[in-house]
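Asks:
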Amino acid sequence: MSQIFNCSRRDFCKNGALLGTSLVLGFYLPGCQKKEIIPPASGPFKANAFIQIAPDESITFFINKSEMGQGVYTSLPMLIAEELEVEWQKIKVEAAPVAPEYNHTQWGNLQGTGGSTSIRSTWDQLRSAGAAGRTMLIQAAAQIWEVPPDQCKAEAGKVIHPKGEKTLSYGTLVGAAAKLQPPKQVPLKPATAFKIIGKPRPRLDSAAKVNGTAEFGIDVKRPNLLTAVIARPPVFGAKLKDFNAEATKVVPGVKEVVPVDTGVAVVAENFWAAIKGRDALKVMWDQGPLARLDSIAQGKEYQALAQKPGLVATSRGDAAATLAAAAKKIEAVYEVPYLAHAPMEPLNCVADVRADSCEIWVGTQMQTLDRNAAAEVTGLAPEKIKLHTTFLGGGFGRRAVGDSHFVREAVQVSKAMQAPVKVIWTREDDIRGGYYRPRAYHTVRVALDEGNLPAAWQQRIVCQSIVKGTPFEEGLMKEGIDQTAVEGVADLSYAVPNLQVEYQMAPAVVPVLWWRSVGHSFTAFVKECFIDELAHAAGQDPLDYRKQLLSEHPRQIALLDLLAQKAGWGKPEKGTAQGIAIHESFGSIVAQVAEVMVENNKIRVPRVVCAVDCGQTVNPDTIAAQMQSAIYFGMAAALHDTITFKNGRVEQSNFHDYPMPRLAEMPAVEVHIMPSKEKPGGIGEPGVPPIAPAIANAVFAATKVRLRTMPLNLAAPQPAPKARAARKPAGKKNKKKK
Numbered sequence: 256m257s258q259i260f261n262c263s264r265r266d267f268c269k270n271g272a273l274l275g276t277s278l279v280l281g282f283y284l285p286g287c288q289k290k291e292i293i294p295p296a297s298g299p300f301k302a303n304a305f306i307q308i309a310p311d312e313s314i315t316f317f318i319n320k321s322e323m324g325q326g327v328y329t330s331l332p333m334l335i336a337e338e339l340e341v342e343w344q345k346i347k348v349e350a351a352p353v354a355p356e357y358n359h360t361q362w363g364n365l366q367g368t369g370g371s372t373s374i375r376s377t378w379d380q381l382r383s384a385g386a387a388g389r390t391m392l393i394q395a396a397a398q399i400w401e402v403p404p405d406q407c408k409a410e411a412g413k414v415i416h417p418k419g420e421k422t423l424s425y426g427t428l429v430g431a432a433a434k435l436q437p438p439k440q441v442p443l444k445p446a447t448a449f450k451i452i453g454k455p456r457p458r459l460d461s462a463a464k465v466n467g468t469a470e471f472g473i474d475v476k477r478p479n480l481l482t483a484v485i486a487r488p489p490v491f492g493a494k495l496k497d498f499n500a501e502a503t504k505v506v507p508g509v510k511e512v513v514p515v516d517t518g519v520a521v522v523a524e525n526f527w528a529a530i531k532g533r534d535a536l537k538v539m540w541d542q543g544p545l546a547r548l549d550s551i552a553q554g555k556e557y558q559a560l561a562q563k564p565g566l567v568a569t570s571r572g573d574a575a576a577t578l579a580a581a582a583k584k585i586e587a588v589y590e591v592p593y594l595a596h597a598p599m600e601p602l603n604c605v606a607d608v609r610a611d612s613c614e615i616w617v618g619t620q621m622q623t624l625d626r627n628a629a630a631e632v633t634g635l636a637p638e639k640i641k642l643h644t645t646f647l648g649g650g651f652g653r654r655a656v657g658d659s660h661f662v663r664e665a666v667q668v669s670k671a672m673q674a675p676v677k678v679i680w681t682r683e684d685d686i687r688g689g690y691y692r693p694r695a696y697h698t699v700r701v702a703l704d705e706g707n708l709p710a711a712w713q714q715r716i717v718c719q720s721i722v723k724g725t726p727f728e729e730g731l732m733k734e735g736i737d738q739t740a741v742e743g744v745a746d747l748s749y750a751v752p753n754l755q756v757e758y759q760m761a762p763a764v765v766p767v768l769w770w771r772s773v774g775h776s777f778t779a780f781v782k783e784c785f786i787d788e789l790a791h792a793a794g795q796d797p798l799d800y801r802k803q804l805l806s807e808h809p810r811q812i813a814l815l816d817l818l819a820q821k822a823g824w825g826k827p828e829k830g831t832a833q834g835i836a837i838h839e840s841f842g843s844i845v846a847q848v849a850e851v852m853v854e855n856n857k858i859r860v861p862r863v864v865c866a867v868d869c870g871q872t873v874n875p876d877t878i879a880a881q882m883q884s885a886i887y888f889g890m891a892a893a894l895h896d897t898i899t900f901k902n903g904r905v906e907q908s909n910f911h912d913y914p915m916p917r918l919a920e921m922p923a924v925e926v927h928i929m930p931s932k933e934k935p936g937g938i939g940e941p942g943v944p945p946i947a948p949a950i951a952n953a954v955f956a957a958t959k960v961r962l963r964t965m966p967l968n969l970a971a972p973q974p975a976p977k978a979r980a981a982r983k984p985a986g987k988k989n990k991k992k993k
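Residue numbers (this note's numbering): 256 to 993.
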């Protein structure tokens, strides 16, 4: 239907002039009387560091966390989109550059991803960014309509004036909005008004990963790109003495052999030529003092260290005196090995060093540290370094190193070659290359009161420090105690009136690093297995026993009740046994029941039921996926994996001797999310700690054999039992508890 508008010649000429100079989207000309002339957009509107809206209605979110499979390219955009009021299908996501505005809100002057902090650290930041963008767009529309902003609202990528039934799309408003000052403070929606947060959303990165357009670090291609592999020392701490590259240089495709800090790089036209060249390289090493490193001898060293008092991480009451006077006490020793991260995509980095610039493409968890390392190697100012964060084919902490060694390698080789170079680690390089979850040795002694509840708990932990000598030492080392080594037990949830946790720092012999869930990965194993031992010594149901000791933690009790109901606790399927564990880490609580079958000393886990309380949820689908992933990851450590040393060398090399669970081993996993109004907790790591103790406790229920060493192995010789019930000598009376 056509309409005739009466418009003055003056208005027609004025509006015609505007139309003649630029394309104005969403132009409004009904009768001309409203004068809704929208300033033309000269480019996209950057509402803030996280949001860009273009005149073509495309909306780009810049995300400052690394996407390594955990779903931050979906969950973090949900936080922005909730407040910005945009259509989900129009959102695009890009990795943020390295810049101060993208620094971690909890880590200071550092941009990075880790500690299950992606949601927790951006919960307010990204919602505020979205709300600020929405506020500016509403203000721009209100100015055009000459109405108060509070008469307008935003919805589905448009600003609406309800009374006049007018709408302007965000793309139309970018020019006007760009002229406004960002608001200093904006009100955020109450949870009751959420339309996106808390609802399942499809992942924004799935299509690219399915159709092959997603770019991981190992996929990066550049003009004239060379490939390098590095011959690294066979023993940690070894030094390069000399090398002979004659045989290497005649390998077709090899371009050069370059010494670097970590060894000798073979640079070639392609990966195969580089590998063949490295195979032909003759390298002489000064193997140093660790050439005799042996896991068996190291185990005896840890055992001896555990006999000595350590630095006190937690002390309440008088655990030593209570133990000395106790009529009944139980003692045990637990051991866990070094573990590799073993991401599906091994480490790699592309660097292109020029005289006055350096460009890097890398899957990293620590953008600022890597950028700064490149600046140090090249001598360039940090602003001359451009770092592109690609997708990560798994991280688990391995790409969050303080020394940025794998980035330094690529920058050093590119600088030497004056050409773009991709350094690739092979699977064997990765498994044998260090930066492991530390080996740990725990002694635990508990005194039981007359009701068979723990009156005193004394635990001593022996392991290397992850943070000593790193950029993270200042924040995570307190009075000589690495806080990552004692987390999960220094803050013991169970009600024990007398508690003492000690730390003995083991010698730093191999590079160690946080491994998914860090210290919780072994403190939960010890705590939850030992509390199970106490329950059985008391003749009580392990679930009920835990609940008695958690009276001051109603969230944990509620989660255990939910888990018991969903798992059918106490009613295992025929031929199976159940084990339970609960652990709080990274601001979230996770409880799990593992159902286990044991046949011919082989442990099989057909079903795991998981309950999680992570506070307010963002994307339930992501939470379920992270729990499934964590259970798989934790099962690998519980049932299969160990890093051992003989003659200074790592004995494992690839998935044949450092295996991952196969598809047939993966249990049916049920995930149940506890509704909560609490602040959001982490989700990437908390699912790992409970699975190993849940399996170990189920194995005991099935076999009456306590496995206190990981990986769990019924066929292996078990250490001499340490658990014992000691009767008080005759003639002495029990001390009454005050």
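Heads up, the beta-carbon is just placed ideally off N, CA and C, and yes, glycines get one too.
Less than 8 Å between the CB atoms is what I'm expecting for Ala866 and Met921, so what's the real figure, rounded?
Replies: For the purposes of this step, residue 866 is identified with residue 611 of the sequence shown, where counting begins at 1. For the purposes of this step, residue 921 is identified with residue 666 of the sequence shown, where counting begins at 1. With 8 Å as the limit, Ala866 and Met921 do not qualify as a contact, their Cβ atoms being about 19 Å apart.
Asks: Between the stretch 604-620 and the stretch 576-590, do at least 3 Cβ pairs fall closer than 8 Å?
Replies: no
Asks: With a cut-off of 8 Å on the beta carbons, I'd call Ala956 and Gln833 a contact; round off their distance for me.
Replies: As a working note, residue 956 is residue 701 in the sequence shown. As a working note, residue 833 is residue 578 in the sequence shown. Yes, Ala956 and Gln833 are in contact; Cβ-Cβ is about 6 Å, under 8 Å.
Asks: Count Cβ pairs between the stretch 536-550 and the stretch 895-903 that sit closer than 8 Å; are there 3 or more?
Replies: yes
Asks: Could you check whether Ala885 and Trp769 sit closer than 8 Å to each other, using their CB atoms as the reference points?
Replies: Here residue 769 refers to the residue found at position 514 when the sequence shown is read from its first residue. Here residue 885 refers to the residue found at position 630 when the sequence shown is read from its first residue. No, these two residues do not count as a Cβ contact at 8 Å.
Asks: So who's on the other strand from Ala923, going by DSSP bridges?
Replies: Position 668 of the sequence shown, counted from the first residue, corresponds to residue 923. BP columns for Ala923 point to Arg862.
Asks: Are at least three pairs of beta-carbons, each pair with one atom in the stretch 769-784 and one in the stretch 938-956, less than 8 Å apart?
Replies: As far as the Cβ criterion goes, the stretch 769-784 touches the stretch 938-956, which means the pair count is three or higher.
Asks: Quick check: the Cα distance between His416 and Gln398, rounded to an integer number of angstroms?
Replies: By 1-based counting over the sequence shown, the position of residue 416 is 161. By 1-based counting over the sequence shown, the position of residue 398 is 143. One C-alpha to the other measures close to 12 Å.
Asks: Only counting the same chain, and skipping five residues up and downstream in sequence, which positions put a Cβ closer than 7 Å to that of Gln288?
Replies: Along the sequence shown, read from residue 1 onward, the residue named residue 288 stands at position 33. Here the model assigns Gln288 a pLDDT of 40, short of 50, so the residue's position is not dependable, and the following value carries that caveat. Around Gln288: no qualifying Cβ.
Asks: Kindly confirm or deny that the stretch 350-370 and the stretch 319-327 touch, where touching means at least three C-beta pairs closer than 8 Å.
Replies: yes
Asks: Mapping the DSSP letters down to three states, classify Val809 as helix, strand or coil.
Replies: Working through the sequence shown from its first residue, we reach residue 809 at position 554. Rather than Val, the amino acid found at residue 809 in this sequence is Pro. Per DSSP, reduced to three states, the secondary structure at Pro809 is helical.
Asks: Quick check for students: name the residue ranges of the alpha helix (DSSP H) that lie wholly in the stretch 790-862, counting only runs of 4 or more.
Replies: Correct list: 797-804, 809-822.
Asks: Output yes or no for whether 8 Å exceeds the beta carbon distance between Gln394 and Leu435.
Replies: Position 139 of the sequence shown, counted from the start, is the residue given in the question as residue 394. Position 180 of the sequence shown, counted from the start, is the residue given in the question as residue 435. Note that the C-beta distance between Gln394 and Leu435 is below 8 Å.
Asks: Determine the contact status of Ala665 and Val605, defining contact as a CB-CB distance below 8 Å.
Replies: As a first step, residue 665 must be located in the sequence shown, where it is residue number 410. As a first step, residue 605 must be located in the sequence shown, where it is residue number 350. Yes, these two residues count as a Cβ contact at 8 Å.
Asks: What three-state label does DSSP hand Arg626 in the structure shown?
Replies: Locating residue 626 in the sequence shown gives position 371, where the first residue counts as 1. DSSP places Arg626 in helix when its eight states are reduced to three.
Asks: Ignore the nearest five residues each way along the sequence and tell me which others in Ala432's own chain have a CB closer than 6 Å to its CB.
Replies: Indexing the sequence shown from 1 puts residue 432 at position 177. Here Ala432 has Phe300, Met391, Leu392, Ala395 as same chain residues with Cβ atoms under 6 Å from its own Cβ, once five neighbours each way along the sequence are excluded.
Asks: The beta strand (DSSP E) with Gln398 in it runs from where to where?
Replies: Residue mapping note: residue 398 aligns to position 143 of the sequence shown, counting from 1. That residue, Gln398, is in no beta strand (DSSP E); its alpha helix (DSSP H) goes 373-400.
Asks: Here's a check: name, in chain order, each residue in its chain whose Cβ is nearer than 7 Å to the Cβ of Ala970, leaving out the five neighbours to either side.
Replies: Taking the first residue of the sequence shown as position 1, residue 970 is located at position 715. Apart from the 5 residues on each side of it in sequence, Ala970 sits with its Cβ closer than 7 Å to the Cβ of Asn856 in its chain, given in chain order.
Asks: Is Met539 closer than 8 Å to Phe498 when the C-beta atoms are compared?
Replies: As a working mapping, residue 498 is identified with position 243 in the sequence shown. As a working mapping, residue 539 is identified with position 284 in the sequence shown. Yes, Cβ-Cβ distance for Phe498 and Met539 is below 8 Å.
Asks: Give every residue of the same chain whose Cβ lies closer than 7 Å to the Cβ of Phe197, excluding the five residues on either side of it in the sequence, and list them in chain order.
Replies: Outside the shown range of the chain, which is 256 to 993, sits residue 197, and nothing can be said about it.
Asks: Is the CB-CB distance between Ser835 and Ala949 below 8 Å?
Replies: Taking the first residue of the sequence shown as 1, we reach residue 835 at position 580. Taking the first residue of the sequence shown as 1, we reach residue 949 at position 694. The amino acid at residue 835 is misidentified as Ser; the sequence shows Ile. Result yes, Cβ atoms of Ile835 and Ala949 sit closer than 8 Å.
Asks: Does the Cβ-Cβ distance between Pro201 and Ala893 come in under 8 Å?
Replies: Residue 201 is absent from the model: the chain starts at 256 and stops at 993.
Asks: Give me the residue from Arg609, Glu906, Gln871, Val853 with the minimum Cα distance to Thr447.
Replies: If you number the sequence shown from 1, residue 447 lands on position 192. Minimum Cα distance to Thr447 is reached at Gln871.
Asks: Grouping DSSP H, G and I as helix and E and B as strand, with all else coil, what is Pro332?
Replies: The sequence position of residue 332 within the sequence shown is 77, counting from 1. Correct three-state label for Pro332: helix.
Asks: Please specify which runs of the beta strand (DSSP E), each continuous and at least 3 residues long, are wholly inside the stretch 547-633, giving them in chain order.
Replies: 566-571, 583-591, 603-608, 613-617
Asks: Alpha carbon to alpha carbon, how far is Val717 from Lys829?
Replies: For the purposes of this step, residue 717 is taken as the residue at position 462 of the sequence shown. For the purposes of this step, residue 829 is taken as the residue at position 574 of the sequence shown. If I take the Cα positions, the gap works out to 40 Å.
Asks: Determine, using beta carbons only, whether Val522 and Leu536 come nearer to each other than 8 Å.
Replies: As a working mapping, residue 522 is identified with position 267 in the sequence shown. As a working mapping, residue 536 is identified with position 281 in the sequence shown. No, the pair does not count as a contact, with Cβ atoms beyond the cut-off.
Asks: Who are Tyr758's beta bridge partners in DSSP?
Replies: Along the sequence shown, read from residue 1 onward, the residue named residue 758 stands at position 503. For Tyr758, which the question treats as bridged, DSSP gives the partners Leu566, Ile716.
Asks: Per DSSP, what kind of secondary structure is Ala957 in: helix, strand or coil?
Replies: Working through the sequence shown from its first residue, we reach residue 957 at position 702. DSSP places Ala957 in helix when its eight states are reduced to three.
Asks: Distance, Cα to Cα, Gly937 vs Met599?
Replies: For this step, residue 937 is matched to residue 682 along the sequence shown. For this step, residue 599 is matched to residue 344 along the sequence shown. Computed Cα separation, rounded: 23 Å.
Asks: What does a CB cutoff of less than 6 Å around Val639 pick up in its chain, not counting 5 residues either side in sequence?
Replies: In the sequence shown, counting from the first residue as 1, residue 639 sits at position 384. Here the sequence assigns Lys to residue 639, which means Val is not the residue at that position. Hits under 6 Å: Ser612.
Asks: Could you give the residue range of the alpha helix (DSSP H) that holds Met882?
Replies: To locate residue 882, count along the sequence shown from 1; it is residue 627. Unbroken alpha helix (DSSP H) run through Met882: 875-894.
Asks: Going by Cα to Cα distance, which pick from Glu556, Ala819, Thr517, Asn525 is closest to Asp684?
Replies: Here residue 684 refers to the residue found at position 429 of the sequence shown. It is Thr517 whose Cα lies nearest to the Cα of Asp684.
Asks: Restricting to Cα atoms, I'd like to know which of Gly842, Ser840, Glu705, Glu356 is closest to Ala580.
Replies: The residue you call residue 580 lines up with position 325 of the sequence shown. Checked all of Gly842, Ser840, Glu705, Glu356; the closest Cα to Ala580 is Glu705.
Asks: What number of angstroms, rounded off, separates the C-alpha of Val662 from the C-alpha of Gln361?
Replies: The residue labelled residue 662 in the question sits at position 407 within the sequence shown. The residue labelled residue 361 in the question sits at position 106 within the sequence shown. Within the model, the alpha-carbon separation for Val662 versus Gln361 is close to 24 Å.
Asks: Report all residues from its chain with a CB closer than 7 Å to the CB of Phe727; omit the five preceding and five following residues, and keep chain order.
Replies: Residue numbering aside, residue 727 sits at position 472 when the sequence shown is read from its first letter. When the five nearest sequence neighbours on each side are left out, the beta carbons in the same chain lying within less than 7 Å of the beta carbon of Phe727 are those of Gly657, in order along the chain.
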